[in-house]
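S.K.: Sending over a structure as structure tokens; questions will come in a sec.
There are 2 protein chains.
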Amino acid sequence: MPTRTCAESSCPISDVLSVIGGRWKVHLLWYVLEGPVRFNQFRRKMPGISQKMLTQQLRELVRDGLVARKQFPEIPPRVEYSMTPLGRTLEPTLRSIHDWGNKHWSEVEEARSAMMSKA
Amino acid sequence: MPTRTCAESSCPISDVLSVIGGRWKVHLLWYVLEGPVRFNQFRRKMPGISQKMLTQQLRELVRDGLVARKQFPEIPPRVEYSMTPLGRTLEPTLRSIHDWGNKHWSEVEEARSAMMSKA
DNA sequence: CTGTATCCGCTAAGATACTG
DNA sequence: CAGTATCTTAGCGGATACAG
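From first to last, the protein sequence lines are chains A and B. Following our numbering, the numbering of the first sequence begins with 362 at its first residue and continues without gaps. Following our numbering, the numbering of the second sequence begins with 362 at its first residue and continues without gaps.
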């Protein structure tokens, strides 16, 4: 596999970022990896996200085929979000991101504070 | 390893996003993975990025210890950016992102156009 | 409970000009 | 060549109110 450079159009990296980029999607995907999640479960687990952003990001994940939305005809209404087969193919990537944070975050913090003391 | 949920503070995913998040950093890292890169080489390879963003993102990558900046005392000046050992630990993650795009992007496009025709 | 709709501040990001 | 400095702008994302 040639080590090519990603510039702009038709670049795999841009493609992936258009799907999992932004502040929330990786979190949402990571969470839904465990199993079906309801709307307000997301909100409880992620106090930082606004309702609007949650709706918006979920819809985009559904549109891109990573997450499935299932609505139950009940009162009160219930909606569950779950991983699609395509979404599951992202699991190793998500796990890689998560694990890198666990393993190497302290080194980043060291680097940062080292820079602070220099400047 | 427990499958925990990432909420907000001291979450590995947030940590990683704070380091490689944004529109450009993954591209920059992917490029510099091949070997030392000079400032204007980045610009040529990534026509979309502005000078300001390039400077800013590179500085953050340096600050976070992923990229090293080496300045040569020459005229005209030369500066090379390269991966640090810490940066290299990100290689599998970067590769995972890149490869997922290569393998699965067409499926995302299919999902998107399927949604378009429905709506 | 699961969303829509509207308003709005803030900051990420582009354009341009200038410097060592 | 490798950046700074300054100004401007688009849109991300939050707050709030309302709806099925």
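We put the CB at the ideal spot given by N, CA and C, even for glycine.
Evaluate G409(B) with the Cβ neighbour count: other Cβ atoms within 10 Å of its Cβ, from every protein chain shown; 16 or more gives buried, anything less gives exposed.
M.R.: On the second sequence, residue 409(B) is found 48 positions in, with the first residue counted as 1. G409(B) comes out exposed.
S.K.: Under 8 Å between the Cβ atoms of H326(A) and W391(A)?
M.R.: No answer is possible for residue 326(A): the residues shown for chain A start at 362 and end at 480.
S.K.: Along the beta strand (DSSP E) that carries M444(A), what are the first and last residues, could you check?
M.R.: Locating residue 444(A) in the first sequence gives position 83, counting from the first residue. Residues R439 to M444.
S.K.: Compare the C-beta of V393(B) with all C-beta atoms of chain A and state if any pair is closer than 8 Å.
M.R.: Within the second sequence, the letter at position 32 stands for residue 393(B). Chain A, which has no Cβ nearer than 8 Å to the Cβ of V393(B), makes this no.
S.K.: Flag V440(A) as yes if its beta-carbon sits less than 8 Å from any beta-carbon of chain B, otherwise no.
M.R.: Locating residue 440(A) in the first sequence gives position 79, counting from the first residue. V440(A) does not count as touching chain B.
S.K.: List in chain order: all unbroken alpha helix (DSSP H) runs of 4+ residues lying wholly within the region 385–471 of chain B.
M.R.: 386–393, 400–406, 412–424 and 446–449
S.K.: Would you decide whether S467(B) is buried or exposed? Buried here means 16 or more other CB atoms lie within 10 Å of its CB.
M.R.: As a working note, residue 467(B) is residue 106 in the second sequence. Looking at its Cβ environment, which holds fewer than 16 other Cβ atoms inside 10 Å, S467(B) is exposed.
S.K.: Would you give the residue range spanned by the alpha helix (DSSP H) that P375(B) belongs to?
M.R.: If you number the second sequence from 1, residue 375(B) lands on position 14. According to the sequence shown, residue 375(B) is Ser rather than Pro. Taken as a continuous stretch (DSSP letters only), the alpha helix (DSSP H) holding S375(B) covers P373 to I381.
S.K.: Would the region 433–451 of chain A count as touching the region 396–407 of chain A if we require 3 or more Cβ pairs under 8 Å?
M.R.: Contact between the region 433–451 of chain A and the region 396–407 of chain A is present, because at least three Cβ pairs lie under 8 Å.
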